[in-house]
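Participant:
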Amino acid sequence: MERYFKRKSTVMESSSPPNEVVNSSKQACLEINLDDLPLDPGLRTRIGDYHPNVRDQVRKAYLQKGPFQPRNHSFPQRNLSGGPRRFIPAWFDEFPTWLEYSVAKDAAYCFCCYLFKPNTGEQAGSDSFVGKGFSNWKKKSERLQGHVGGPMSAHNQAWSNCKAFSKQIEAQTEYKTLLGASVSCMRFLLRQGLLFYGDDEYEDSNNQGMFADLLRLRCNYDEDIKAVTLNNAPLTLKLTSPDTQKDIEIAISMEIISAIVREIGDSLFSILIDEFHDMSSQDQMAIVLRFVDKGHVIERYLGIVQATDDTAVSRKGAIDDFFSTHGLSMAKLRGQGYGGTSNMQGLNGIADLAQKMVETKKDCVFPLVYLLLTLALILPVATPRVDRVFSAMNIVKNRLRNQMEDERIKGRLIPYIETDILDSIDDEVILQRFQNMKNRPCQL
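Numbering of the sequence shown is given in the numbering used here, commencing with residue 2 and proceeding in unit increments.
1. Measuring straight from C-alpha to C-alpha, what distance separates Pro77 and Trp138?
2. Tell me whether Arg47 sits in a helix, a strand or coil according to DSSP, three-state version.
3. On the DSSP bridge assignment, give the partners of Phe270 in chain order.
4. Mind listing, in chain order, the continuous beta strand (DSSP E) runs of no fewer than 3 residues lying wholly within the stretch 57-102?
5. Go ahead and pull the three-state DSSP assignment for Asp244.
6. Any chance the stretch 292-301 sits against the stretch 313-325, with 3 or more Cβ pairs inside 8 Å?
7. For Ala234, which residues in the same chain have their Cβ closer than 7 Å to its Cβ, ignoring the five residues on either side in sequence?
8. How far does the beta strand (DSSP E) with Ala108 in it reach, from first residue to last?
9. Cutting at 7 Å between CB atoms, please list the residues of its own chain near Asp41, excluding the five before and the five after it.
10. I think Ser136 touches Ala172, with their Cβ atoms under 8 Å apart; what is that distance to the nearest whole Å?
11. Would Ser161 be called buried (16 or more neighbouring beta carbons within 10 Å of its own) or exposed?
12. Measuring only the C-alpha atoms, how far is Asp321 from Arg335?
13. Rounded to a whole number of angstroms, what is the C-alpha to C-alpha distance between Arg60 and Cys163?
14. Expressed to the nearest angstrom, what Euclidean distance is found between the alpha-carbon atoms of Gly304 and Cys114?
15. Classify Arg72 as buried or exposed, calling it buried when 16 or more other Cβ atoms lie within 10 Å of its own Cβ.
16. Under 7 Å Cβ to Cβ from Pro442, same chain only, skipping five residues before and after it: list those, please.
17. With distances taken from CA atoms, which of Ala308, Leu145 and Gly134 is nearest Asp284?
18. Can you name the residues that DSSP bridges to Tyr302?
19. Assign Ala252 to one of two classes, buried (16 or more other C-beta atoms within 10 Å of its C-beta) or exposed (fewer than that).
20. In the DSSP assignment, the alpha helix (DSSP H) including Gly194 goes from what residue to what residue?
21. Could you tell me how far apart the beta carbons of Pro416 and Ile265 are, in whole angstroms, since I believe they sit closer than 8 Å?
22. Only counting the same chain, and skipping five residues up and downstream in sequence, which positions put a Cβ closer than 8 Å to that of Val430?
23. Can you give me the C-alpha to C-alpha distance between Ser268 and Phe292, rounded to a whole angstrom?
24. I'd like the span of the alpha helix (DSSP H) that includes Lys227, first residue to last.
25. Just the C-alpha distance for Thr46 and Asn437, rounded to the nearest angstrom, thanks.
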C-alpha cells in the first residue's frame with residue numbers, strides 16, 4: 002500500500018503547539034539583556050528580527066559601543082587568485098565610522114547598514130555587508146568604495162539615519178541628566194520640608210531660592226550636570242518652572258503611595274483619620290493606615306482628602322474615592338479611628354507577642370492565634386507615631402502656608418513624613434513616573 006499512498010507525517014504529542022512556539026519566540030525577542038549583545042558582527046541577530054518595541058534599545062546599545070574593530074587580531078590569510086590575501090587593519094582608518102570585522106566569520110561588515118539599512122535587496126554593494134559579510138580581500142578597493150555608493154545610496158541613507166539617531170540619544174542623555182539633577186534636589190528639599198522658591202527667581206536675583214541654589218551647588222561638583230542645566234539648558238527645557246516642579250512633586254508622592262500600597266499587600270489594615278479645616282473652611286481628612294508586617298505594627302501616612310461637608314455620607318464617599326484611586330480594598334479594612342481616640346491599652350504586650358511568634362515561626366503553627374493578634378494590633382488607637390504625623394503636618398503647613406496653595410502643601414507632606422519610603426525609591430522610578438504623566442518635550 003505504501004507504494005501508492007504517501008505516509009502522512011505525524012506530530013509528536015510532546016511537541017509544542019505552533020501558537021506557543023510563536024509566543025515564546027516573541028517573548029524572547031522582548032526580553033533582551035543589552036549587556037549580552039554580541040559584539041562580533043558575524044554573530045549578531047539582524048535588527049529586523051528583534052521585536053519592534055526593543056529595536057531602538059538594541060540600536061542605542063550598539064551605538065554606544067561603536068563599530069567592532071579588533072585591530073590587534075591576527076587576521077588569517079585566504080588563498081585567493083593572485084596569492085594569499087587577508088584583512089588589513091589599516092582599512093579601519095580608511096573607513097573609521099562604519100567598517101567592522103568579524104573574527105568568527107573572517108569577514109567585513111557595515112556598522113550603520115546593520116543598524117539602519119532598509120530591506121532594499123541588492124542596493125549599494127548588495128546585502129553582503131550586513132548578512133554573510135564580505136571576504137574577497139582581492140577586490141577590497143572596488144567593493145568597499147562601491148558599498149558606500151552615491152549620495153542617495155542605501156549606505157548613505159543608513160549613515161544619515163545613524164547620525165540622526167545618535168543626536169537623538171545625545172539629547173535624551175542630556176535631558177535625563179537634567180531631569181535627574183532636578184529630582185535629586187527636590188528630594189532633598191521635600192525631605193526637609195523646605196521652600197523651593199526665593200523672593201525673586203530672575204537670573205540676576207540675589208535670592209532665587211533653595212532649589213536654584215542647590216542645583217547650582219550640584220553643578221559645581223558635576224561637570225555633566227553643569228553642561229546641561231540652568232544657563233546651559235535650552236529655554237524650553239530648563240525644568241525649573243513651577244509647573245514642572247509640581248509634576249515632579251506629584252510623581253514622588255505617587256511613587257511613595259504606590260510603595261506603601263505594595264507594602265500592605267493583602268494584609269488587613271485599619272484607617273486613622275484626623276479631621277481639620279483649611280483656611281477656606283473646607284473639611285479635610287488626613288489619612289493614616291495601620292497594619293502588621295511580621296509582627297511589627299506599621300503606620301503609614303497616605304495623604305489628605307477633602308469632604309464636601311461634615312456629614313458621614315460625604316466622608317465615606319471621600320474615603321471610597323481615595324481607596325479606589327490607590328487600589329486599596331475595603332474588604333481588608335478592619336477598623337476606623339477619628340481624631341486620635343484611644344480604645345485599647347496594653348498594646349505593647351500584644352505587639353511583642355506577635356513579633357515573637359514570627360521570630361520563632363509559631364505564627365505558622367498557630368495561625369488562628371496569630372490572626373487574632375494581628376486583628377487586635379490593627380485596631381485604630383492613638384500612638385506617638387500618629388501624633389508625629391499630625392505634628393509634621395502642622396510644621397510643613399506653617400512653613401509653606403504663605404507661599405503655596407493647599408494642594409501643593411498636601412503633596413509635600415507625604416515625602417516629608419514618609420522619609421524612609423522616599424529614601425528607598427530609586428530616581429529612575431521617579432523619572433519614569435514623571436515622564437508618563439503627560440507628553441514631555443523630550444523622551445528618556
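Yeah, the Cβ is synthetic: ideal placement off N, Cα and C, and Gly gets one too. Because the structure is a prediction, the values reported are computed rather than measured.
Facilitator: Here's the rundown:
1. For Pro77 and Trp138, the distance between alpha carbons rounds to 11 Å.
2. Three-state result, Arg47: coil.
3. Residue pairing for Phe270: DSSP places it in a beta bridge opposite Phe292 and Leu334.
4. If we require 3 residues or more, the beta strand (DSSP E) runs fully inside the stretch 57-102 come out as 79-81 and 84-86.
5. DSSP places Asp244 in the helix class (H, G or I) of the three-state scheme.
6. Taking 8 Å as the limit for Cβ pairs, the verdict is that the stretch 313-325 does not touch the stretch 292-301.
7. Counting only residues of its own chain and dropping the five nearest sequence neighbours on each side, Ala234 has a CB closer than 7 Å to the CB of Leu179.
8. Bounds of the beta strand (DSSP E) holding Ala108 are Ala108 to Cys111.
9. Hits under 7 Å: Phe69, Ser103, Val104 and Ala105.
10. With 8 Å as the limit, Ser136 and Ala172 do not qualify as a contact, their Cβ atoms being about 38 Å apart.
11. By the neighbour-count rule (16 or more Cβ atoms within 10 Å), Ser161 is not buried but exposed.
12. Computed Cα separation, rounded: 15 Å.
13. Taking the straight line from one Cα to the other gives about 9 Å.
14. Taking the straight line joining both Cα atoms gives about 53 Å.
15. With fewer than 16 other Cβ atoms within 10 Å, it is exposed.
16. Excluding positions up to five away in sequence, the list reads Thr237 and Leu238.
17. For the residues Ala308, Leu145 and Gly134, the minimum Cα distance to Asp284 belongs to Ala308.
18. In DSSP, Tyr302 forms a bridge with Val289.
19. Here Ala252 is buried, its C-beta having at least 16 other C-beta atoms within 10 Å.
20. Counting along the chain, Gly194 falls outside any alpha helix (DSSP H), and DSSP gives it neither H nor E.
21. Incorrect: roughly 18 Å between the Cβ atoms, too far for contact.
22. Excluding residues within five positions, the ones whose Cβ falls inside 8 Å are Glu256.
23. Distance between Ser268 and Phe292, taken at the CA atoms: about 7 Å.
24. Where Lys227 is concerned, the enclosing alpha helix (DSSP H) stretches over Glu224 to Lys227.
25. Near 31 Å, if we compare the C-alpha coordinates of Asn437 and Thr46.
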